[in-house]
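To start, the structure under review is shown below, and the notes come after it.
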Amino acid sequence: MQQKIDEMKPVLLKEIQMAASLTALEDIRVKTLGKSGSITSLMKELGSLSLEEKKKAGQLLNTLKTEIAEAIEKQKETLALKEMNEKLESEKVDVTLPIRPDTHSGRIHPVSQVIEEMLTIFAQMGFDLAEGPDVEDDWHNFEALNIPPSHPARQMQATFFMENTEDKILRTQTSGVQIRTMENKKPPIKIVAPGRTYRRDYDMTHTPMFHQIEGLVIDTKTNLANLKTTLFEFMKLFFETDDVSLRFRTAYFPFTEPSFEVDVGCSRENGEFKIKSGAGWIELLGCGMVHPNVLRNCGLDPDVYQGFAFGCGIDRFAMLKYGIPDLRSFFDADMRWIKHYGFLPLDIPNIMSGLSLNAGGKR
Ligand code: DAH
Numbered sequence: 053m054q055q056k057i058d059e060m061k062p063v064l065l066k067e068i069q070m071a072a073s074l075t076a077l078e079d080i081r082v083k084t085l086g087k088s089g090s091i092t093s094l095m096k097e098l099g100s101l102s103l104e105e106k107k108k109a110g111q112l113l114n115t116l117k118t119e120i121a122e123a124i125e126k127q128k129e130t131l132a133l134k135e136m137n138e139k140l141e142s143e144k145v146d147v148t149l150p151i152r153p154d155t156h157s158g159r160i161h162p163v164s165q166v167i168e169e170m171l172t173i174f175a176q177m178g179f180d181l182a183e184g185p186d187v188e189d190d191w192h193n194f195e196a197l198n199i200p201p202s203h204p205a206r207q208m209q210a211t212f213f214m215e216n217t218e219d220k221i222l223r224t225q226t227s228g229v230q231i232r233t234m235e236n237k238k239p240p241i242k243i244v245a246p247g248r249t250y251r252r253d254y255d256m257t258h259t260p261m262f263h264q265i266e267g268l269v270i271d272t273k274t275n276l277a278n279l280k281t282t283l284f285e286f287m288k289l290f291f292e293t294d295d296v297s298l299r300f301r302t303a304y305f306p307f308t309e310p311s312f313e314v315d316v317g318c319s320r321e322n323g324e325f326k327i328k329s330g331a332g333w334i335e336l337l338g339c340g341m342v343h344p345n346v347l348r349n350c351g352l353d354p355d356v357y358q359g360f361a362f363g364c365g366i367d368r369f370a371m372l373k374y375g376i377p378d379l380r381s382f383f384d385a386d387m388r389w390i391k392h393y394g395f396l397p398l399d400i401p402n403i404m405s406g407l408s409l410n411a412g413g414k415r
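Numbering (the numbering used here), first residue to last: 53 to 415.
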C-alpha cells in the first residue's frame, strides 16, 4: 500500500499542477477523491489489511487525501484568478470610442427633469438649495411646525413610523426643512428644498413615496405681495407661458397664518390639457405667511422677522406639464414608459433656450 501511495502522489500532484482549466481540475478531483476515484478505492482496500497495516496505511492515505485536496483547492484559486483576468482582458471597453446610436437609449426621468427645471428657475430668482433627511424626527416634521401630538392635522398625513425608534418617522412633508434651515441660519433666508416624502396612500394620484419642493423666505419685511409675485413669476417660467392666472383660496395649515391653496387657470382643448387663464382651475400648492409659533420654535423673534412658505408636489407639476395621467406609472420602471416620457441626458433645462424646448422636439 505504501508503495502505491508513494507512486501515486507525485503523479497526481503533477497532474493537478498541469490542469489548464477548472473543468480539467474537476475531472482530476472526481478521478481521485470521487466515489470511485483512485484514493477512495484505496480506502476501500483498507478493510482487507491486518490491524497493524490498516493503521499505518490509513494514516498515509489520509495524509495523501488531504494533500491532494489542498493541492486541488490551491490550483482552483490560481485558475479562477487566471480565468477572471483573461475575461477582464477580453472584455475591455474603450471609453474613448464615440457613442454609437444604439447606446443612446438612456433617459432622464420626468421627476428628475422637473426638479432640474424648478431649481433652474428658483436659482435665477435668488433661492439657495436646502436639504433635510428622509428619516425625520417628530420635532422637525410636526411639533416645531405647530402640530403638537394631539393635533388633528397629524391624521391627515398618514405617517410611516419606524420600528424600534423613539420618534423617527419617514417625513410626510418637506416642511421640516424650514425648521432645520431656521435653526441653523439667521435671516435673511431664501431657500427651496426638494426631496422625497412618504405617506400611506396609493391610487391614481397618490403613491407611498412622492416628491415635494418647499420654499421659505424670511426677512424683516417679507409680505404676502412678495409671496404672490414669487409664485406668479415661477409659474410663468415653469409652464413656459405668460398667460398664467393664479387664484388664492383661504385654507388651513398649522404652520402658516394666513394660509392659502393656490389654483392655476387651465383649459381642456380637443382633449389636451393646457395652462391658460379664463377657463377652469386646477389646484397646485399650499402656502402662507409663516406662523409666529414656528418662528419662535426656531429661536426667531416674530416681532422682528416674518416671511412666507410654500410647498408643492413635484410629481403633480410633472403630470400637469407633460400630460402624464397616472402617478403610479412614475415608479413602475417600465422601459416603454421612460422611452416615451423621459428626456435625453443632454436636454439640460436652461432658461435661455426654454426649459423644455429641446425635450418637446425629441420626445
Ligand atoms: N406641507 C404641506 C403638505 O404637505 C404643504 C404646504 C402648505 C407647505 C403650506 C407649506 C405651506 O410650506 O406654507 O400638504
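For glycine and all other residues, C-beta sits at the position ideal for the given N, C-alpha and C.
On a predicted model such as this, the values are computed, not experimentally measured, just so you know.
(Q) Looking only at its chain, what residues have a beta carbon closer than 6 Å to the beta carbon of L289, apart from the 5 residues adjacent to it on each side? (A) Cβ neighbours of L289 within its own chain (closer than 6 Å, five residues either side excluded): I173.
Q.
Could you compute how far the alpha carbon of Q54 sits from the alpha carbon of K107?
A. 12 Å
Q) In terms of alpha-carbon separation, which member of G247, R206, G228 lies closest to D367? A) When only C-alpha atoms are compared, the closest one is G247.
Q.
Comparing C-alpha positions only, which one of N349, A123, I327, W389 sits nearest to E78?
A. A123 is the residue among N349, A123, I327, W389 whose C-alpha sits nearest the C-alpha of E78.
Q.
Given 6 Å as the limit, tell me if C339 has its C-beta closer than that to any heavy atom belonging to the ligand DAH.
A. yes
Q) Since P246 is in the alpha helix (DSSP H), which residue starts that stretch and which ends it? A) Membership of P246 in any alpha helix (DSSP H) is not indicated; the residue belongs instead to the beta strand (DSSP E) covering 241-250.
Q: Go to D146, then tell me how far its beta strand (DSSP E) extends in each direction, as first and last residue.
A: Membership of D146 in any beta strand (DSSP E) is not indicated, and neither H nor E is assigned to it by DSSP.
Q: Using 6 Å as the cut-off, classify the Cβ of Q358 as near or not near the heavy atoms of the ligand SAH, replying yes or no.
A: Annotation note on the ligand SAH: not contained in the displayed structure, which lists the ligand DAH as its ligands.
Q) Can you tell me the Cα-Cα spacing of K117 and S142, whole angstroms? A) So the alpha carbons of these two residues sit roughly 37 Å apart.
Q) Is G359 closer than 7 Å to F305 when the C-beta atoms are compared? A) no
Q.
Quick check on DSSP: helix, strand or coil for T302?
A. strand
Q) For L283, which of T272, I270, D271, S297 has the nearest alpha-carbon? A) S297
Q.
Using a 10 Å radius around the Cβ and a threshold of 16 neighbouring Cβ atoms, would you call V63 buried or exposed?
A. The Cβ neighbour count for V63, taken over all protein chains shown within 10 Å, is under 16; the residue is labelled exposed.
Q | Identity of the residues DSSP links to W333 by a beta bridge | A | G317
Q. Within 6 Å: the Cβ of T282 and any heavy atom of the ligand DAH?
A. no
Q. Among I120, K373, Y374, L396, which one has its Cα closest to the Cα of T84?
A. I120
Q) At what residues does the beta strand (DSSP E) containing M363 begin and finish? A) For the sequence presented, residue 363 should be read as Gly rather than Met. Residues 358-365.
Q: Select from S157, P150, E129, K139 the residue whose C-alpha is nearest the C-alpha of M419.
A: Beyond the ends of the chain as shown, which are 53 and 415, falls residue 419; an answer cannot be given.
Q.
I'd like to know whether the C-beta atoms of G184 and R232 end up nearer to each other than 7 Å.
A. yes
Q: Could you tell me whether the Cβ atoms of E18 and G351 are closer together than 7 Å?
A: As shown, the chain starts at 53 and ends at 415. That puts residue 18 outside it, with no answer to give.
Q.
For the alpha helix (DSSP H) containing V187, name the first residue and the last one.
A. No alpha helix (DSSP H) holds V187; the beta strand (DSSP E) holding it covers 187-189.
Q. Quick one: what does DSSP say D271 is sitting in, helix, strand or coil?
A. In the structure shown, D271 falls within a strand segment according to DSSP collapsed to helix, strand and coil.
Q) Does DSSP put V163 in a helix, a strand or coil? A) It is helical.
Q: Could you tell me how far apart the beta carbons of F291 and K373 are, in whole angstroms, since I believe they sit closer than 8 Å?
A: 6 Å
Q. In terms of residue numbering, what span does the alpha helix (DSSP H) encompassing L133 cover?
A. Run containing L133: 103-142, per the alpha helix (DSSP H) assignment.
Q. Which of the three DSSP states, helix, strand or coil, is assigned to L85?
A. helix
Q | Where G394 falls, given that 16 or more other Cβ within 10 Å makes a residue buried | A | By the neighbour-count rule (16 or more Cβ atoms within 10 Å), G394 is buried.
(Q) I want to check one thing, is the minimum distance from the CB of T308 to the heavy atoms of the ligand DAH below 6 Å? (A) yes
Q) Quick one: Cα of T130 to Cα of M60, how far? A) 23 Å
Q: Measure the Cβ-Cβ separation of Q176 and T226 and say whether it is below 7 Å.
A: No, the pair does not count as a contact, with Cβ atoms beyond the cut-off.
**Q.** Cα-Cα separation, I80 to E138
**A.** 23 Å
**Q.** Cβ-based neighbour list, C259, same chain, cut-off 8 Å, excluding 5 preceding and 5 following
**A.** Looking at the sequence shown, residue 259 is not Cys but Thr. So the list reads D253, D367, L379, R380, F382, F383, once near-sequence residues are dropped.
Q) At what residues does the alpha helix (DSSP H) containing I68 begin and finish? A) 54-70
Q: Would you kindly check if the distance between the Cβ of K242 and the Cβ of F325 is under 7 Å?
A: no
Q: Flag this pair as yes or no: are the beta carbons of L209 and R251 separated by less than 7 Å?
A: The residue you asked about is not Leu; residue 209 is Gln in the sequence shown. Yes, these two residues count as a Cβ contact at 7 Å.
Q: Note down the Cα distance separating V346 from F307, rounded to an integer number of angstroms.
A: 6 Å
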